[in-house]
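Heads up, the thing below is written out as structure tokens.
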Amino acid sequence: MLTITNLNKFYGTTQVLRDINLQVAKGEVVAVIGPSGSGKSTLLRCINLLEKPQSGTLALGDRVVDVAKLTAKQENELRQQTGMVFQHYNLFKNKTALENITEGLIIGKKMPKQEANALGLSLLEKVGLREKADSYPAMLSGGQQQRVAIARSLAVKPKVILLDEPTSALDPELVQEVLQVIRSIIDHETTILLVTHEMSFARDIADRIIFMADGVIVEDASPAVIFTQPKHERTRRFLQTVNPEH
Ligand SMILES: Nc1ncnc2c1ncn2[C@@H]1O[C@H](COP(=O)(O)OP(=O)(O)O)[C@@H](O)[C@H]1O
Ligand SMILES: [Mg+2]
1 MLTITNLNKF YGTTQVLRDI NLQVAKGEVV AVIGPSGSGK STLLRCINLL
51 EKPQSGTLAL GDRVVDVAKL TAKQENELRQ QTGMVFQHYN LFKNKTALEN
101 ITEGLIIGKK MPKQEANALG LSLLEKVGLR EKADSYPAML SGGQQQRVAI
151 ARSLAVKPKV ILLDEPTSAL DPELVQEVLQ VIRSIIDHET TILLVTHEMS
201 FARDIADRII FMADGVIVED ASPAVIFTQP KHERTRRFLQ TVNPEH
């Protein structure tokens, strides 16, 4: 469903993604773990072309694009089919929760306002924030803002949802409500890539875990294998640092 082949990304002369190959099936939930600076965010940002890789191919469904020869049309199509959720929510501060969700539908998808509002409200309902439709981000807790951001990412009915450390900026007591919402959006239709440091959550919800280090995918296996019998020493060392009793 999502196929990445030989993907390379440089910042200047520094290579941060090295020949990444990855296949994710439709509806699969993949957690991406690894130390800071290993390229996890860059990988997600390359998938929806927020960052341009220098070489490689990206395929979503039956569309294959050579990233070195991207057309504006291909770029738009890929973006429309991916939803992104960032660590710092990135909501528009001068728009209400509902407007944050409907903006992309009305402007980007040219959806009639009434229809967009109805969809927006149903998505707010889904993340448990129907009553906050008219609230501005500043009036919402971090957890609520992130739930709005998740609702926004769902609005365009993307094929892939990319979540980049969605709970890392939250106060500890707000983490669970967001994890709960993430759990609730798993529908085995939408492909989900989740970068996270919440190891027990990853272990619980992911079909597969990818461990990245230094711009490469070191290990790609089921949670059971990664967490109990990782093949690589580098994976073992990382898991010990995040989970010392391991
Ligand atoms: N915009 C940028 N310009 C230059 N270097 C960057 C940029 N973004 C990330 N990097 C570098 O790329 C590497 C991977 O970063 P990142 O993908 O953010 O890692 P992670 O999300 O795993 O912490 C790091 O060495 C980081 O410093
Ligand atoms: Mg990151």
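For the sequence shown, position 141 matches number 141 in the numbering used here, and the numbering has no gaps at all.
Even for Gly, the Cβ is constructed at its ideal location relative to N, Cα and C.
For clarity, every value in this text was computed on a predicted model and none was experimentally measured.
Put simply, of Lys159, Pro158, Val148 and Lys157 the residue whose alpha carbon is nearest the alpha carbon of Pro166 is Val148. Proximity of the beta carbon of Val195 to ligand 2 is indicated: a heavy atom of the ligand is located closer than 8 Å. As the crow flies, the alpha-carbon of Thr191 is around 8 Å from that of Val24. In this structure, Leu119 lies away from Ile107, with their beta-carbon atoms at least 9 Å apart. Beta-bridge analysis with DSSP links Phe10 to Gln15. Approximately 6 Å separates the beta-carbon atoms of Gly104 and Val156; this is inside 8 Å, confirming the contact. Counting along the chain, the unbroken beta strand (DSSP E) around Asp164 starts and ends at Val160 to Asp164. For Leu239, the secondary structure class from DSSP, reduced to helix, strand or coil, is helix. The stretch 175-184 and the stretch 219-227 do not touch, with fewer than three beta-carbon pairs separated by less than 8 Å. Relative to the non-hydrogen atoms of ligand 2, the Cβ of Glu165 comes within a distance shorter than 8 Å of at least one.
Residue environment analysis places Tyr89 among the buried positions, since at least 16 neighbouring C-beta atoms fall within 10 angstroms of its C-beta.
With respect to Val30, Leu193 sits close: the two C-beta atoms are nearer than 9 Å. The chain-ordered list of residues whose CB is nearer than 5 Å to some heavy atom of ligand 1 reads Tyr11, Val16, Ser36, Gly37, Ser38, Gly39, Lys40, Ser41 and Thr42.
Between Arg234 and Ala221, the C-beta gap is not smaller than 9 Å, which leaves the two residues out of contact. In this structure Glu75 does not touch Leu44 by the C-beta definition: roughly 16 Å separates them, more than the 8 Å allowed. Residues of the same chain with a CB within less than 8 Å of the CB of Ile217, apart from the 5 flanking positions on each side, are Ile20, Asn21, Leu22, Ile210 and Phe211 in chain order.
Considered as a whole, the stretch 117-201 harbours 142-155 and 172-185 as its complete alpha helix (DSSP H) runs of no fewer than 4 residues, in chain order.
In the DSSP assignment, Ile33 forms a beta bridge with Phe211. Exposed is the label assigned to Asp134, since fewer than 16 other Cβ atoms lie within 10 Å of its Cβ. Comparing alpha carbon positions, the residue from Glu189, Ala213, Gly142 and Asp214 closest to Leu179 is Gly142.
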